[in-house]
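Comments concern the structure below.
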Amino acid sequence: MREKEKLAVEQTSDRKIKVRNEGSTTSFIIRVFAVNPADNNVKYVKLDAPVAVKILSTEEISLPKKIQTGWKISVVTVYGNIFWEES
Numbered sequence: 158m159r160e161k162e163k164l165a166v167e168q169t170s171d172r173k174i175k176v177r178n179e180g181s182t183t184s185f186i187i188r189v190f191a192v193n194p195a196d197n198n199v200k201y202v203k204l205d206a207p208v209a210v211k212i213l214s215t216e217e218i219s220l221p222k223k224i225q226t227g228w229k230i231s232v233v234t235v236y237g238n239i240f241w242e243e244s
């Protein structure tokens with residue numbers, strides 16, 4: 158299943174991200190990481206529950222903690238894949 162995942166990530170505010178599933182399997186997001194490009198400071202946000210992103214759909218995910226806009230965002234799936242926000 159791991160090789161069937163393909164996600165596109167976009168931060169829409171300091172508490173929301175959008176994840177679009179472009180792969181051929183449903184993905185389950187379990188964590189969000191953010192990196193400050195200025196000093197490489199890393200912030201980890203564990204989601205309250207896994208978020209399912211079905212094939213060819215987009216989910217808006219509310220974050221339990223703020224992440225500054227402008228930080229590089231990534232999501233981690235239950236299959237262990239990491240998908241980064243495109244620049």
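Note that this note's numbering has the sequence shown beginning at 158, numbered continuously upward. Note that beta-carbon positions come from the ideal geometry of N, C-alpha and C, so glycine has one too.
A direct Cα-Cα distance of roughly 13 Å separates Gln225 from Asn197. If you draw a straight line from the Cα of Asp205 to the Cα of Pro221, it comes to about 8 Å. Residue ranges of uninterrupted beta strand (DSSP E) with 3 or more members, entirely inside the region 158-191 and ordered along the chain, are 164-170, 173-178.
Beyond the five residues adjoining it in sequence on each side, Phe240 comes within less than 7 Å, by CB distance, of Leu164, Val166, Ser231, Val232 in the same chain, given in chain order.
One thing to note: Thr169 has its Cβ no nearer than 8 Å to the Cβ of Lys161. Distances from the CA of Ala195 to each of Arg159, Arg177, Lys229 were compared; the closest alpha carbon is that of Lys229.
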